[in-house]
Structures are given as C-alpha cells and as structure tokens.
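J.: Below: one structure in structure tokens.
There are 2 protein chains.
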Amino acid sequence: MEYYSSHISKLIEELGRLPGIGPKSAQRLAFHIVSLPKDQAVVLADAIRDARENIRYCSVCGTLTDAETCPICADPARNHRQIMVVENSRDLAAYEKTQKYEGVYHVLQGAISPMLGIGPDDIRLKELMQRLQGDVDEVIIATNSSLEGETTAMYISRLIKPTGILVTRIASGVPVGGDLEYIDEVTLLRALDGRTEL
Amino acid sequence: MEYYSSHISKLIEELGRLPGIGPKSAQRLAFHIVSLPKDQAVVLADAIRDARENIRYCSVCGTLTDAETCPICADPARNHRQIMVVENSRDLAAYEKTQKYEGVYHVLQGAISPMLGIGPDDIRLKELMQRLQGDVDEVIIATNSSLEGETTAMYISRLIKPTGILVTRIASGVPVGGDLEYIDEVTLLRALDGRTEL
Chain S
32 MEYYSSHISK LIEELGRLPG IGPKSAQRLA FHIVSLPKDQ AVVLADAIRD ARENIRYCSV
92 CGTLTDAETC PICADPARNH RQIMVVENSR DLAAYEKTQK YEGVYHVLQG AISPMLGIGP
152 DDIRLKELMQ RLQGDVDEVI IATNSSLEGE TTAMYISRLI KPTGILVTRI ASGVPVGGDL
212 EYIDEVTLLR ALDGRTEL
Chain Y
32 MEYYSSHISK LIEELGRLPG IGPKSAQRLA FHIVSLPKDQ AVVLADAIRD ARENIRYCSV
92 CGTLTDAETC PICADPARNH RQIMVVENSR DLAAYEKTQK YEGVYHVLQG AISPMLGIGP
152 DDIRLKELMQ RLQGDVDEVI IATNSSLEGE TTAMYISRLI KPTGILVTRI ASGVPVGGDL
212 EYIDEVTLLR ALDGRTEL
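Line by line, the protein sequences are chains S and Y. First residue of the first sequence: 32, per my numbering; consecutive thereafter. First residue of the second sequence: 32, per my numbering; consecutive thereafter.
Written as structure tokens, this is what we have:
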C-alpha cells in the first residue's frame with residue numbers, strides 16, 4: 032500500500048493482526064489514531080506496552096494481575112473455602128460483575144480439547160489439586176457450556192470426587208430474557224432436565 | 032473494574048475509546064494483547080506512536096504522508112494536469128487501489144456541512160484554487176455521494192467554472208454486482224438519469 036505513509040501502512044498492518052479486526056476496520060482505526068491529539072495516541076501506545084510488560088499470573092488462582100497475588104485471592108473478606116473453576120480471566124470477570132459471588136476462583140487458562148491437542152496436563156489442574164489440600168468446602172465448576180468446557184467439567188469432577196469435597200456445576204438452561212423459539216434443542220432439553228420445583 | 036489488573040483496565044478503557052470498539056470488543060482485544068509475545072505487543076505500541084508522531088500532510092495535495100510531498104505528488108509519471116478532488120485520504124486510497132487512475136489528487140480534509148457548521152473556508156478549497164493557477168486540464172470531483180459530498184461538489188464546480196477549466200463529477204448509479212431490488216430510489220433515478228448509449 033504505497034499510497035499511504037509507511038507509518039500508516041505499518042499501523043494498519045499491526046492493527047489488522049488483532050482478532051476481529053479486518054483490513055477495513057484496521058484502516059479506519061489507523062486513520063482515527065493519526066487524527067487523535069498526540070497525547071491521546073501516546074496514552075494508547077503506553078497502555079498497550081504497560082499492560083503487556085507488567086502483567087503476570089496470580090500465584091494462587093492464576094488470573095491475570097499485576098501483583099504477586101490478585102486482589103480477590105488477597106481479600107480476607109472472600110470465602111476462601113469456596114473455589115469457582117473458570118477457563119480464563121474473562122470468565123472470572125463475568126462472574127465478578129454480578130457482584131454476588133463471594134468465594135474465590137481458580138483460572139484453568141484453557142480447557143481440555145482433544146481436537147486442539149490440549150490435555151489435562153496443559154491446563155492448571157495440578158495447581159487446583161494442590162489448593163484442595165487446604166481447607167476447601169466446595170468446588171464450583173464454571174467452565175463454558177461448550178464441548179471442551181463440558182469435557183473439562185467432567186474430568187475435574189472425577190478427579191475431585193475421591194477427595195470427598197463437594198463438586199458442583201453451574202446450571203445450564205434458557206438464558207434470562209431468552210425466547211424459547213430461538214433457543215437450540217440441546218439447551219431446551221438441559222433446561223427441562225434441570226427443572227426445579229416452584 | 033477492580034477485578035482486573037489496573038494495567039488491563041487502563042488498556043480496556045483506552046481501546047474502548049476507538050471508534051466501533053465497544054466494551055466487549057475492548058476486553059477481548061486487551062486480553063489478546065496481554066497474551067501476545069512481548070515483542071509483538073511492543074511493535075503494535077510503537078506503530079501507534081510512530082504513526083501519530085511522524086504523520087504530516089502533503090504540502091501539495093494535503094493527504095496524510097510522512098514526507099514534505101506525498102509519493103503521488105512527487106511522481107513525475109503521474110498526470111499533474113488532472114486533479115481528482117476527494118474528501119479524505121481514505122477516499123484517495125480507495126481510488127489508488129483501482130490502479131487505473133493516473134492523475135493526481137486534492138484532499139479536502141472534509142466536506143461542506145451546514146449541519147456540522149463546516150463551511151467552505153474550513154476545507155482545503157483555497158489550496159485547490161491556488162493549484163488551479165498552474166497548468167490544469169481537468170478537475171474530477173470525487174466527493175462522496177452524500178448530502179455533504181454533493182453540496183461540496185456543487186460548490187466547487189461553481190467556483191471553478193469561471194476559470195474555464197473542465198470540471199467533471201464521478202458517475203452515480205447502481206454499484207457493480209448490486210441487485211436492483213435492494214437499491215434505494217434515489218440511486219435508481221440517478222442511474223436512469225446517467226444512462227449511456229450502448
């Protein structure tokens with residue numbers, strides 16, 4: 032793309048590598064960025080660099096954080112005897128946004144996927160089992176409701192059962208506000224199986 | 032968003048300021064960026080900073096470039112007697128991608144818009160009139176086919192007419208591959224008005 036400045040071409044190329052950003056979006060973003068006040072563009076560039084350079088994984092739960100221990104694991108007010116197992120930090124954030132869960136988390140950093148060649152040793156299961164040697168009342172498995180998530184949930188529950196610790200799985204069913212007409216059969220059957228008395 | 036690292040929160044915030052990037056996309060991009068190899072994240076940050084810091088406008092046509100004169104204006108092989116007037120550098124790029132246009136450009140950096148309070152003095156019209164004092168055969172008006180673009184086209188044509196220089200407007204009509212069924216009435220009427228003999 033000789034008709035742009037080489038700096039803009041480079042920026043378009045780099046933005047285009049991001050997930051979900053196609054060539055047209057990359058171009059639009061690049062032109063937006065060069066038209067920003069200089070300090071705003073620098074703030075964005077620094078945010079990218081800082082985030083990448085200062086990020087680390089919590090030594091307890093494995094979520095992305097910038098301290099040795101994340102704010103949740105370091106909080107004495109949380110219930111450390113209840114551990115919710117999630118696939119990644121975004122899922123943790125999703126549950127934190129509900130502001131209702133008071134236990135702690137364990138971030139697997141992936142899910143078992145024979146398709147992608149990801150086995151039990153490739154996710155943070157060993158670390159989870161280690162944590163269970165402390166005082167734990169319940170492990171809530173909140174992996175995604177996908178094939179990989181379900182496989183992982185099944186695997187973990189089998190692993191934990193022998194220890195006698197309560198293992199639960201978050202409910203699967205019709206999402207709140209969901210219209211039955213547009214919901215797939217598997218979800219509808221799950222909702223039926225998981226029906227509760229009123 | 033206390034549940035993320037402050038660096039990630041900052042990055043999500045900054046990415047969320049970009050056009051077309053909502054909170055969910057910003058979060059997805061931020062997590063992608065922190066999971067990139069460190070050098071790739073730095074390359075992206077540097078691309079943003081470099082593009083913003085080194086960008087300038089071509090002293091002749093006004094497009095975004097990093098030299099005093101852009102590669103197109105500096106190219107002796109182009110026809111400098113034919114000037115295509117476009118609204119912005121993206122539109123210039125769109126025509127350059129066709130690889131068929133051999134003239135040069137004039138980038139207005141906007142369009143006349145009474146709604147937004149952008150008048151003739153706010154776009155690069157004075158610079159265009161100055162260029163016309165040299166040897167110019169034709170001015171092709173390629174502003175967008177929007178209300179603002181049409182207003183600007185009309186205004187420019189009236190301004191140039193007295194000089195005797197040929198002023199043309201790119202054709203408006205049904206886009207190639209367009210299905211008549213889905214095209215608006217205004218475009219259909221334009222296409223009819225602009226019909227050519229076969």
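No residue lacks a Cβ here, since even glycine has one placed at the ideal position from N, Cα and C. Keep in mind that this is a model prediction, so the values were computed, not measured.
Among Glu181/S, Ile171/S, Ala124/S, Ser90/S, which has the Cα closest to the Cα of Ala142/S?
T.: Per the Cα distances, Glu181/S.
J.: Can you find at least 3 beta carbon pairs, one from the segment 94 to 105 of chain Y and one from the segment 108 to 116 of chain S, that sit closer than 8 Å?
T.: No: fewer than three Cβ pairs fall under 8 Å.
J.: Look at the Cβ atom of Gly208/S, then the Cβ atom of Gly225/S, and state whether they are nearer than 8 Å.
T.: Contact flag unset, no.
J.: Could you check if Ala61/S is buried or exposed, using at least 16 other CB atoms within 10 Å of its CB as the buried criterion?
T.: So Ala61/S ends up on the buried side.
J.: CB-CB under 6 Å to Thr183/S, same chain, minus the five flanking residues each way: which ones, in chain order?
T.: Counting only Cβ-Cβ distances below 6 Å, and skipping sequence neighbours, we find Ala142, Ile143, Thr174.
J.: Interface residues of chain S around Ile114/Y at Cβ under 7 Å?
T.: In chain order: nothing, as chain S lies at least about 16 Å away.
J.: Might you give, ordered along the chain, the residues of its own chain that have their beta carbon closer than 7 Å to the beta carbon of Ser90/Y, omitting 5 neighbours on each side?
T.: Result list for Ser90/Y: Glu99, Thr100, in chain order.
J.: Exposed or buried, what is Thr199/Y when buried is set at 16 or more other beta-carbons lying within 10 Å of its beta-carbon?
T.: Result: exposed.
J.: So, does the CB of Val65/Y fall closer than 8 Å to a CB anywhere in chain B?
T.: In the displayed structure, chain B is absent; the protein chains listed are S and Y.
J.: State yes or no: is the C-beta of Ile191/S within less than 8 Å of the C-beta of Leu163/S?
T.: Yes. Within cutoff.
J.: Of all the alpha helix (DSSP H) runs that stay within the bounds of the segment 81 to 169 of chain Y, which reach a length of 4 or more residues?
T.: Listed in chain order, they are 120 to 127, 156 to 162.
J.: Determine whether the beta carbon atoms of Val135/Y and Arg109/Y lie at a separation below 8 Å.
T.: Taking 8 Å as the Cβ cut-off, Val135/Y and Arg109/Y qualify as a contacting pair.
J.: Is Lys157/S close to chain Y, meaning its C-beta is less than 8 Å from at least one C-beta of that chain?
T.: No, Lys157/S does not count as interfacial toward chain Y.
J.: Which residues in the same chain as Asn119/Y place their Cβ atom closer than 8 Å to its Cβ, once the five residues preceding and following it in sequence are excluded?
T.: Counting only Cβ-Cβ distances below 8 Å, and skipping sequence neighbours, we find Val138, Leu139, Gln140, Gly141.
J.: Can you name, in chain order, every residue of its own chain whose Cβ lies under 7 Å from the Cβ of Val65/Y, other than the five neighbours on each side?
T.: Only Ile39 meet the Cβ criterion.
J.: From Lys41/S to Ala78/Y, what distance separates their C-alpha atoms?
T.: Each residue's alpha carbon lies about 6 Å from the other.
J.: Which of the three DSSP states is assigned to Ile214/Y in this structure?
T.: Three-state result, Ile214/Y: coil.
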